[in-house]
Structures are given as structure tokens and as C-alpha cells.
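Asks:
There are 4 protein chains.
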Amino acid sequence: MSTLKQTATLLISCPDQKGIVARLSNFVFQHGGNIVDSDHHSDFSVDRFLGRIEWEMEEFDLSKAELPGALAEIADPMGGPEGRPWRLHFSDDVPRVSIWCSRQDHCLLDLLWRHRAGELRAEIPIILSNHEDLEPVAAQFGIPFQHVPMLGSKVEAEALSLALLKEHRVDLLVLAKYMQVLSDDFLRSFPAVMNIHHSFLPAFAGAQPYHQAHARGVKVIGATAHYVTPELDAGPIIEQETTRVSHRDTVADLIRKGKDVERLVLARAVRLHLQHRILAYGNRTVVFE
Amino acid sequence: MSTLKQTATLLISCPDQKGIVARLSNFVFQHGGNIVDSDHHSDFSVDRFLGRIEWEMEEFDLSKAELPGALAEIADPMGGPEGRPWRLHFSDDVPRVSIWCSRQDHCLLDLLWRHRAGELRAEIPIILSNHEDLEPVAAQFGIPFQHVPMLGSKVEAEALSLALLKEHRVDLLVLAKYMQVLSDDFLRSFPAVMNIHHSFLPAFAGAQPYHQAHARGVKVIGATAHYVTPELDAGPIIEQETTRVSHRDTVADLIRKGKDVERLVLARAVRLHLQHRILAYGNRTVVFE
Amino acid sequence: MSTLKQTATLLISCPDQKGIVARLSNFVFQHGGNIVDSDHHSDFSVDRFLGRIEWEMEEFDLSKAELPGALAEIADPMGGPEGRPWRLHFSDDVPRVSIWCSRQDHCLLDLLWRHRAGELRAEIPIILSNHEDLEPVAAQFGIPFQHVPMLGSKVEAEALSLALLKEHRVDLLVLAKYMQVLSDDFLRSFPAVMNIHHSFLPAFAGAQPYHQAHARGVKVIGATAHYVTPELDAGPIIEQETTRVSHRDTVADLIRKGKDVERLVLARAVRLHLQHRILAYGNRTVVFE
Amino acid sequence: MSTLKQTATLLISCPDQKGIVARLSNFVFQHGGNIVDSDHHSDFSVDRFLGRIEWEMEEFDLSKAELPGALAEIADPMGGPEGRPWRLHFSDDVPRVSIWCSRQDHCLLDLLWRHRAGELRAEIPIILSNHEDLEPVAAQFGIPFQHVPMLGSKVEAEALSLALLKEHRVDLLVLAKYMQVLSDDFLRSFPAVMNIHHSFLPAFAGAQPYHQAHARGVKVIGATAHYVTPELDAGPIIEQETTRVSHRDTVADLIRKGKDVERLVLARAVRLHLQHRILAYGNRTVVFE
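Protein chains in written order, with our numbering: chain W, 1116 to 1404; chain A, 1116 to 1404; chain F, 1116 to 1404; chain G, 1116 to 1404.
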């Protein structure tokens, strides 16, 4: 479904109503756009329409500057009292992603490798960490690394991080095994945060999930990528995966096997986000794969 | 994505061209239809568009009788020299399915259980078998069973089966571990045939795949549901699944574990077909899940 | 690993100590037994040895009657103050299993089909149910069915069930979607009870796990087979499996997809139990596969 | 099952006979060894016994030098006319592994990361490659890299590689997406070679398996780790894994998704080999997990 041509992607979330697909696809068609991907979903339990349309800009007769205004005319009314229900992304506006890590390297290394391999279409202007351990990994891939120690107050550390995210015009912050809880204030200032949790939530929320899993004697473990909300480990789930374990696996084995699941799940979630394939609403996500 | 209301489902396969989605969704919208599901795919390697649109008939202003004619006006031209590129299904026209089995009961029992549980929206007017072993299973579920022995020539047995399929107006024939090869003549007369093969094709085509798998020492086995074409085990693949095995598994264990995969894979494929979610083209399928 | 010859299976759980494997395998060897399967596990976190040895009785020079006494001499001391640490099973003593169901048929039907197919080596003298719905399923497979209504007090119903389990000399009670909680008194009188829970425990314990899963927006669902203890859904886990779901799946879809996982997981757990491959200790199980 | 104490691991493959487990475990016990892991398998189809016993050397009363001679007395006769049926590994003799790669970095990077993370207990004295592309990756992890160009004859390149493997006393050569076929002569001189093939063999042996898979329209793809034998892609299979794909996946998507499977499968196989958990016989493997 990938295309190397420049495309526009429209994401829309609004009260369910008749004719949305027709009106939007017609709009694209009448302006000469060739739809390369279109998907939508109606959640009847909350009467909500969620959709995604991607089209080629090549023969489209509206420029990037003209498009939002023209689109607003037909799409804004769909939002009703909720206000503007859509957002628009152009494939040549590359999202800017920051990764916040701690001491564990597997998720960071995996994301950087995928970025270099072209799997993740993003700029990574800066890596943050409350420890210096992973500075060499960042250096290997030529990405600036900023140590944000937690020595002083957490408020200060968050303020510094926030300033860096703004300075580097970061669109998405990925917590790649950053083991600290972000404050509500931080999330209000910068809400676009994704986290990888090392259990199949809602099982084993909180600290040391592999120890919890071992103590409970489960036969599968898992990992969960989710958007971060003020309530710990309770944000909208983007992606989950599990793997089998047995009585032979110690906590160390669970941690080792879990790492493979964590990096796969996080990478999938980041990729889906960068392709503008995820819509969160309430505590849920729609993932247009 | 299910709806209990009456719906129409349009499937279309035609040369790729601009505006198909817009024109079709517009057609539905202008006649008052509420689209409940819409998906499409462009296979750029062969310049082909494949799509599926399902909408509610409740407030639609064309009757079942009027719809084909009105649709033809806008959709027929999309086929170009290939001819009519679409077909239409109404949810109140329940497909008629026949199951052809042999001696193994697991796939037959599973399909009949799912049918009774409401997972498979179909009529099953008749079960065919070249053996009498499974007559009691058919009887348990109250489905007529016809023994079609292979004692005489295969030509005669196929002719009898064909007559039964026509008499019972069967839309789809499911080979549920029917271990015979159908003749080219049969398939020309009745091409809507689905089969479950007990390996992850193209590995281990032909006879005794579990013996082949054991001899090769594989660590995964699988099953494949596919449409039947004259070339053995080479038809378009609908669904596949695998499961892990180890050196401890004998051929008997592979057969036992494989049965669970076979019945899951076949049931999924039959359900997808009955929901008109599969489009085959060349040696491939698009499955709109 | 299966053998059609008569075998003895020794299960042992005792404080970890040197030489257990040597002494036990030597005992079998010196009496002429041919070991066909042997596995063991040391849980160092609680200093416990857990083992399983299966050998052919054909050329063994001790009879079924003589064996326990001879074995006790070398194996009883291994238990120390805990008392006798072993139990012995002969393959020609077929375990007697009762199934307790409610209204849902998928697990019952699956177990009965596997029993008839030879996958579950057991006698099933009686099926219990608090509803009459599944009597025809029991009848199809020729198994006696006893309706134990919950109209009066639960105490009476449990007393009747208990009497039936004793009358039929039942070794294992399988709760195949029996949706009631068993009393502590019942479990004290009959502790060999296995249950299938329709979530990947510890997530979504309690009632309506698929509704809980849908509300949480998870991307995987699962099922858990476990031994029943007085604390609800907290007994030792035997087997778990998960399957992927998406935003398109309604609660009804989760229930449908979950059924396939439930019956697979329960069947695996029952089979493992019948092969004497499970040792529970504390809140955990060792499963010798 | 891991232990940080020094252990000895005995692997044995011989004609099946009574008392092997008893005699070997007795030998270990009588010399004061504490067995930490013991597993065996009888392949009745070829009357072969395959076993693995690992015990702690701490209180064992034979030194590393004395052990082989003492063991030979009881274990050599088990081999009969086949000759010595066993081999012995000590945990403080760290295996020496060389990795031979080409241009693709994912498997190399993954193995080096796992090595650094302590998942792979091995020395990696040298990395070979017929291209210079991955020299920086080797440098990042501080491993010597040797470019062995294929410009001249393949015979010369193989001779140079062979000399390097001998010079560095390499025990195992891992082909991590080395896309060349090794000559029979090379394999005779250095038979301990493991390869990762990017399909679930025996499907899609040979070149460009993802292109083959796409052309066939499969719904699962996979990867296979196997020991290399002169017949291409036909050696004993160690590990396999599959992942789902759909009609939306282009060849490029299959390659991308396949990379994740390849590196997981190869890493598991290398780890199992380094833990001396694999016994190959004929075209099969026993993997003691």
C-alpha cells in the first residue's frame, strides 16, 4: 500500500452520519486526486465515524496551501458542536520524533536500526535519557543525545525535556523503556506520548510486570504499546503481542523473551503512528492497517 | 462490523482507474444507502482495482429488482473490454452450501457446529460423501446425507454429485477432507469449490503431507484453505495458519495437532466466503477482513 | 512419545536434593523397566524438585501390586517431613472424568468429539449441568446426562453433584463453561477440579471478561485453563493461549473468536492432566510436555 | 534452568537400549554431580536414543581432565559398532563463533546486540563478509571484520575464509544472510555451519523466496534456521517461525516483515546451539528446550 509519490492523508473522527465516505471521496475525485488507500469504521456503540483517506497529490488541482480551506467547507460541518473533526498530513512533511530512554538499550537500538533501514519515515532530532548509559548507542547512529538527570526535582527535569521537545519541534515522544511516570502537567503541555509497557495490559500494570507474571505462574507473557494518559498504564492501547513461556523460565528468562516482544510491538506502533493510521477516541484506538 | 439489517454487498474487480470509490460511494449515497463497510485494494503490479462496499437497504430508494440495472449504468463501463466487473449479494439471499466429506469427521463436525451456532450464515441442503461413516454426524445436525460411492467409475460419481448440486441449487461446495481429486470436467461444470489442504502450501502438496512434514523434520505445520483449480493444490489461497511441533511429535501427533488447524482455517475461509469478503484474481485472493 | 504398551508413570514433588534422578531411574532399570519418557524440573526459588518418569511394564519384574511398596522404600524418604512425595499411575487404569456444563455447547462438544476421536484417554461416566439445554449433545455421544438445577439452594445442588461424583468414582471434574462459583465446602470434598476461564488471567477475572476486554480496547484476547481453588480465578494456571482482535470486533465477535481459543486451551489442559503431565505446587504448575 | 556455576553437559546419540538414563545419571550421582537438567528422546522409527545431561562440577569428584576417560568406560559401549556416541562440553569452555554476512545488516546487528546483552555465551573472534558494507556495524561492537571479496575465484575466497576460521579456532560458523552457496569441499573441511533461510522450508527453497511467496499469494511467510549440508536448503531444520501477511503486502513488505522473523529464528537457533541443546541425526534435529 506504500507509494513513493507525494500523498495527502485525511483522518476524521466525528458523529456517525450518512454520506461521509461519499462526500469525502467525491471531494478528492473532483479535484483530480487518485485515492490509494481508504478505510473507515463506525463504532455503533458510541455512534462515531472514524475514517482515513490517502490520495496522490500529483494531479490534484489544489495546492497544500489551498487544500485545508477547501476541505474545511465540506468536512467541518461533519463535526457539529464538537468542532473541527479532521486533520491532514502530507507525506513530504516528515514527522519529528524524540525517543526518551533510560538504561535498557533494546527498544532504542531497534528503533534506530529501523529508522536507518527506512522502516520509520521520521526525523529524530534528539534522544533524551535520565541516564548516560545509552549515549554511545545514539552516537553510533549519529543522533544527538541529551542527558536529563533526575538528580534535582522531577519538575526541573520535565521542564528541561519540555523545552527540548519544543526547541526541536517534536511531534511525537516515544518512551522506549523510560521507567519514570510523567506528570499530569507534562502531559498537558505535550500530550503526544507513546509508551511500551512490558505486559499484556491490563494484566500486570505498574512496576516489575515480569516479576508479577512469574509469581502468578502465567503461560504467556506480552507487551503493550499505548498512548500515555495521566492514569498509569491506562491509556488507549495501540498494539499488543504475546509469547509463550513455561515453568522452566525464570524471571530473567521472561525479561529476555519479553524484550523481543517489546521491541516488535513498539516498532509496529511507532510505524503505524507515523503513517497516520491510528485514531484514538476515549480509551480506544482504531488502527487502519 | 455485522448488522442485522438487510444489506447489499457489491464486489468489483476491474482495471485500476481514478474515481471508482467516489463514483460507487456516491451512487449509494445518492440513493439513500448507509454504507456500513467499504474496503478496496489496488494491485499495482497488475493494475487492478478490487473493492467491496456493503450498505443498508432500509432507506435505499432502489428495490432489489431495480438495483442491478441502475448499478450497471455506472459500473459496467469500469470493466471495459473485460465485460461486467461486478457482482451483487443481498443479505437476505442466504447462500446454499454443500459439504463433501470422506471418513474424517473433524472438519464436518466443526462446520455443522458453527452453522448451528449462527457463525455461518448459509443453508446446507445436502452433505455428500464417498463413504457412509459420517452419516450419523449429518443426522445429529439434521442435514440430509447422500452417499456417493466411488465403486463404479469416478465419472459416474461426479455426474451424480453434479446433479445433486444442481438439484439443490448449491452456490458453494466445500471439500471438508474429501480426499479425492476432482476432474477438470467437474470443475468446469461447477467451479465454486473450496478445499482444505493439510499443509502450509506450497510445502507438501499432494498426498500425505503430515508424513512428508515428519520426514523433513519441520518445526511448524499448517493448513491451507484455497479455491480448487484443475492444477492440484495450486488454486488461490484464501487462508493459512501454522502451529509449532517438535521432535517429540510422531506422525500421529502431527495429524492430531493438524486437525485443530485445519478446522479453524477452513471455518474462517467458509465464513469469509459467505460474507462475500473474498475476490480471487489469477492465482491470488484479496480478503476484505 | 506415546506408546500403546502398558506403562507406569511416577510423579514426584519433594525438597530438592542430589541424586533423585539417579536413584529413581536406577530403580526402574534394576527392575527391568524401559523408560519411555523422563522429565524433571528444579524450582530453585523454593528449593523444590518436580519430576515425571514413565516406563513400560512389559518386562518390569514388579507387579502393579508389588510396585508401590518397593517404590516407597526409596522414594518416601525423599519427602522428609512433608510425607509421601509421589503418586503412581498405570496406563491401564483409565481416569474417570465428569464434565459440568451450563448452556454453552462449544467446550462440551469439543471434549466429547476429542474423546470419541481417541485424543482423551478417559471414561466419561456422567455429564452434569444446571440447565437442560445440552442434554441432546450428551445423547449424541451416548454419555449419561444429569440435570442438577440451581432452583433450590446451591448447597443442595452441590450436595447432589458431589454424591454423583462419588457414585461414579470420578477422578477429575472439568468445568466446561459452568458459570457458577463452587463453594469452599465443595472444593474441600472434591478438590480435583479444572476450569476454563475466558480471558488471559489475571486480566479480566470475574464476570463477563469479553465485555471487560472490549471496554478496555485490547488487541489480544485469550483463555486460561486452571485448577480451581477457593479464591475465584486465582488457581494454578495450566495452559493459556491468545488470539488477535481489532477495533472491528464487537463483543459478539470477541465471544465468537474466544470460543475457539477456549476449547483449544481446555482440551490441551485436560489431555495433559490425563497423561499425568501436570504437577501443581503453591500457585504454580509444572507441565511436562 | 540456567546456572552460573560451572557445569558439564553430555550429549549422546546411540542405538536405543534399556538403562541408558539410569547408567548415565548414576555415573553422575556416584561422582557427586548435581544434575541441573536432563532430557532425552527415543526416535522409535529409527531405534535411536538421543539424550542430554547437564550437571554442576562444583562437588563432582572427577576433574575436567579425568572425566572423559571415566565416562568412556560406561558410555563408549553404548555406541556399539557406530563408535563413540557422546560428546562433552564444559560451561567454562566458551564456544568460538564466526558470523559470515553479506550486505543485509539485520541478522548481524541482532546477533551482536544479543551477544553484548549476554544472551549468547560465545566469543566472536571475527566477522567475515564478501562486501564491505557492514564493517561499521562490526566496528560499533568492537569485533574484527574481514572482507573476503568474491572478485577472484570462489575457491580462493573459500580457502581464505577456511584459513581464518582455523586461525581463530572457530567452533561454529553462522551464515547471517550470506547469500552465497558454500562448496562441498568447504563443508567437508568445516561442517559446523548454520544458515538462516528466509522462508518456511521446504517451501520456497532457493533464490528470492519472498518474491516466490508473493507470486504464490500465501497468507503466511516464515524463516528457517538449519545446519548446512551440501544439498541446498535441505539440511536439518533447527527452528522455524511464521508470521501472517495479507494481499496488502508487497514484496517489499514481505521482506520487511520477514526480517523480524529471520533475526528471531536465527538468534534462537544460535542460542540453542551454544547451550549444546541440539542433536542432529540424518535429516532431523532433536532440540532439548
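Idealized CB from N, CA, C, for every residue including glycine.
All of these numbers come straight from a predicted model, not from anything done at the bench.
(1) Excluding the five sequence neighbours on either side, which residues of its own chain have a C-beta within less than 7 angstroms of the C-beta of residue 1147 of chain W, listed in chain order?
(2) DSSP state of residue 1211 of chain W, grouped into three classes?
(3) Going by DSSP in three states, residue 1329 of chain G sits in which element: helix, strand or coil?
(4) Please check the pair residue 1240 of chain G and residue 1285 of chain G, which I expect to be a contact at CB under 8 angstroms, by giving their CB distance rounded to whole angstroms.
(5) Using a C-beta to C-beta distance shorter than 9 angstroms, which residues of chain W count as neighbours of residue 1379 of chain G?
(6) Going by alpha carbons, who is nearest to residue 1354 of chain F out of F:1365, F:1380, F:1372, F:1325?
(7) Beta-carbon separation of residue 1340 of chain W and residue 1229 of chain W under 7 angstroms?
(8) Are the CB atoms of residue 1170 of chain F and residue 1149 of chain F within a distance shorter than 7 angstroms?
(9) Three or more C-beta pairs closer than 8 angstroms, one from the segment 1305-1315 of chain G and one from the segment 1381-1396 of chain G: is that the case here?
(10) Please report the distance separating the alpha-carbon of residue 1179 of chain F from that of residue 1144 of chain F.
(11) Between residue 1134 of chain A and chain D, is there a C-beta pair that is closer than 7 angstroms?
(12) Give me the subset of the segment 1292-1321 of chain W whose CB atoms are less than 7 angstroms from a CB atom of chain F, sorted by chain position.
(13) Could you give the first and the last residue of the continuous beta strand (DSSP E) run that contains residue 1194 of chain F?
(14) Beta carbon of residue 1370 of chain G, beta carbon of residue 1342 of chain G: below 7 angstroms?
(15) Check the Cβ of residue 1255 of chain G against every Cβ in chain W and list those closer than 8 angstroms, keeping chain order.
(16) Please classify residue 1394 of chain G: does DSSP put it in a helix, a strand, or coil?
(17) To which residues of the same chain is residue 1135 of chain F closer than 7 angstroms at the C-beta, ignoring the five residues directly before and after it?
(18) Quick check on the DSSP output: the beta strand (DSSP E) that includes residue 1152 of chain G runs from which residue to which?
(19) For residue 1199 of chain W, count the other beta carbons within 10 Å of its own beta carbon; 16 or more makes it buried, fewer makes it exposed. Which is it?
(20) Applying a beta-carbon distance threshold of less than 7 angstroms, which residues of chain W neighbour residue 1155 of chain A?
(21) Anything in chain A within Cβ reach of residue 1228 of chain F, meaning under 8 angstroms, just list it in chain order.
(22) Could you pull out every residue in the same chain whose Cβ sits closer than 6 angstroms to the Cβ of residue 1206 of chain F, ignoring the five residues on either side in sequence?
(23) Does residue 1393 of chain W have its Cβ less than 7 angstroms from a Cβ in chain G?
(24) Compute the distance between the beta-carbons of residue 1356 of chain W and residue 1376 of chain W, then report whether it is under 7 angstroms.
(25) Can you tell which of F:1288, F:1278, F:1289, F:1336 has its C-alpha closest to the C-alpha of residue 1358 of chain F?
(26) Am I right that residue 1338 of chain W and residue 1314 of chain W are in contact with their C-beta atoms under 8 angstroms? What's the rounded C-beta distance?
(27) At least one CB of chain A closer than 7 angstroms to the CB of residue 1118 of chain F: is that the case?
(28) Is there a Cβ of chain G sitting closer than 7 angstroms to that of residue 1358 of chain A, yes or no?
(29) Just verifying my parser: in three-state terms, what is the DSSP assignment at residue 1236 of chain G?
(30) With residue 1205 of chain F as the anchor, note down where its beta strand (DSSP E) starts and where it stops.
(31) Return the residue from the list G:1237, G:1329, G:1323, G:1182 that minimises the CA-CA distance to residue 1214 of chain G.
(32) Let me confirm a value: residue 1219 of chain A is counted as buried when at least 16 other C-beta atoms fall within 10 Å, else exposed. Which label applies?
(33) By alpha-carbon positions, which one of W:1368, W:1329, W:1378, W:1399 ends up nearest to residue 1352 of chain W?
(34) Determine the DSSP secondary structure at residue 1118 of chain G, reduced to helix, strand or coil.
(35) Tell me the DSSP bridge mates of residue 1351 of chain A?
(36) Rounded to whole angstroms, what is the Cα-Cα separation between residue 1276 of chain W and residue 1256 of chain W?
Replies: Let's see:
(1) Working through the first sequence from its first residue, we reach residue 1147 of chain W at position 32. Result list for residue 1147 of chain W: 1174, 1175, 1176, in chain order.
(2) Counting from one through the first sequence, the residue named residue 1211 of chain W turns up at place 96. Three-state DSSP puts residue 1211 of chain W in a strand.
(3) Residue mapping note: residue 1329 of chain G aligns to position 214 of the fourth sequence, counting from 1. Residue 1329 of chain G falls in the helix class under three-state DSSP.
(4) By 1-based counting over the fourth sequence, the position of residue 1240 of chain G is 125. By 1-based counting over the fourth sequence, the position of residue 1285 of chain G is 170. Right, their Cβ atoms sit about 7 angstroms apart.
(5) One-based indexing of the fourth sequence puts residue 1379 of chain G at position 264. Neighbours of residue 1379 of chain G on chain W, chain order: 1375, 1379.
(6) Numbered from its first residue, the third sequence carries residue 1354 of chain F at position 239. Checked all of F:1365, F:1380, F:1372, F:1325; the closest Cα to residue 1354 of chain F is F:1380.
(7) Within the first sequence, residue 1340 of chain W is the residue found at index 225, counting from 1. Within the first sequence, residue 1229 of chain W is the residue found at index 114, counting from 1. Result no, Cβ atoms of residue 1340 of chain W and residue 1229 of chain W do not sit closer than 7 angstroms.
(8) Taking the first residue of the third sequence as position 1, residue 1149 of chain F is located at position 34. Taking the first residue of the third sequence as position 1, residue 1170 of chain F is located at position 55. Pairing residue 1149 of chain F with residue 1170 of chain F gives a Cβ-Cβ distance under 7 angstroms.
(9) yes
(10) On the third sequence, position 64 is the one that residue 1179 of chain F refers to. On the third sequence, position 29 is the one that residue 1144 of chain F refers to. Cα to Cα, residue 1179 of chain F sits roughly 16 angstroms from residue 1144 of chain F.
(11) The structure shown contains no chain D; the protein chains it does contain are W, A, F and G.
(12) 1315, 1317, 1318
(13) Counting from 1 along the third sequence, the entry for residue 1194 of chain F is found at position 79. Taken as a continuous stretch (DSSP letters only), residue 1194 of chain F belongs to no beta strand (DSSP E), being part of the alpha helix (DSSP H) at 1182-1194.
(14) Against the fourth sequence, residue 1370 of chain G aligns to sequence position 255. Against the fourth sequence, residue 1342 of chain G aligns to sequence position 227. Against a cut-off of 7 angstroms, the Cβ pair of residue 1342 of chain G and residue 1370 of chain G comes out as no contact.
(15) Looking up residue 1255 of chain G in the fourth sequence gives position 140. What residue 1255 of chain G touches in chain W: 1255.
(16) Looking up residue 1394 of chain G in the fourth sequence gives position 279. Residue state, collapsed to three classes: strand.
(17) For the purposes of this step, residue 1135 of chain F is identified with residue 20 of the third sequence, where counting begins at 1. In chain order, 1164, 1166, 1193 place their CB closer than 7 angstroms to the CB of residue 1135 of chain F, counting only its own chain and leaving out the 5 sequence neighbours on each side.
(18) Mapped onto the fourth sequence, residue 1152 of chain G falls at position 37. Secondary structure note for residue 1152 of chain G: its beta strand (DSSP E) is the uninterrupted segment 1149-1158.
(19) One-based indexing of the first sequence puts residue 1199 of chain W at position 84. Residue 1199 of chain W should be labelled exposed.
(20) Here residue 1155 of chain A is taken as the residue at index 40 of the second sequence, counted from 1. Within 7 angstroms Cβ-Cβ: 1153.
(21) Within the third sequence, numbered from 1, the residue matching residue 1228 of chain F stands at position 113. Chain A residues near residue 1228 of chain F: 1220, 1221, 1224.
(22) Indexing the third sequence from 1 puts residue 1206 of chain F at position 91. The residues are 1121, 1122.
(23) The count along the first sequence starts at 1 and reaches residue 1393 of chain W at position 278. No, residue 1393 of chain W lies away from the interface with chain G (no Cβ there is under 7 angstroms from its Cβ).
(24) By 1-based counting over the first sequence, the position of residue 1356 of chain W is 241. By 1-based counting over the first sequence, the position of residue 1376 of chain W is 261. Yes, the pair counts as a contact, with Cβ atoms nearer than the cut-off.
(25) Here residue 1358 of chain F refers to the residue found at position 243 of the third sequence. Nearest option by C-alpha distance: F:1336.
(26) Against the first sequence, residue 1338 of chain W aligns to sequence position 223. Against the first sequence, residue 1314 of chain W aligns to sequence position 199. Between residue 1314 of chain W and residue 1338 of chain W the Cβ distance is about 7 angstroms, and since that is below 8 angstroms, they are a contact.
(27) Position 3 of the third sequence holds residue 1118 of chain F. For residue 1118 of chain F, the predicted model reports a pLDDT of 46, less than 50, meaning its position is unreliable and no value from the coordinates is stated.
(28) Here residue 1358 of chain A refers to the residue found at position 243 when the second sequence is read from its first residue. No, no contact with chain G.
(29) In the fourth sequence, counting from the first residue as 1, residue 1236 of chain G sits at position 121. Coil.
(30) Counting from one through the third sequence, the residue named residue 1205 of chain F turns up at place 90. 1201-1205 is the extent of the beta strand (DSSP E) around residue 1205 of chain F.
(31) What you label residue 1214 of chain G is simply residue 99 of the fourth sequence in a count that begins at 1. Nearest of G:1237, G:1329, G:1323, G:1182 to residue 1214 of chain G, Cα basis: G:1237.
(32) Position 104 of the second sequence, counted from the first residue, corresponds to residue 1219 of chain A. Its Cβ being crowded by 16 or more others within 10 Å, residue 1219 of chain A is buried.
(33) Within the first sequence, residue 1352 of chain W is the residue found at index 237, counting from 1. Of W:1368, W:1329, W:1378, W:1399, the residue nearest in Cα terms is W:1399.
(34) Counted from its first residue, the fourth sequence places residue 1118 of chain G at position 3. A caution first: residue 1118 of chain G carries a pLDDT of 46, below 50, which makes its placement in the model too unreliable to give a value.
(35) Position 236 of the second sequence, counting from 1, holds the residue named residue 1351 of chain A. Its beta-bridge partners do not exist; DSSP assigns none.
(36) To locate residue 1276 of chain W, count along the first sequence from 1; it is residue 161. To locate residue 1256 of chain W, count along the first sequence from 1; it is residue 141. Rounded to whole angstroms, residue 1276 of chain W to residue 1256 of chain W spans 21 angstroms at the Cα level.
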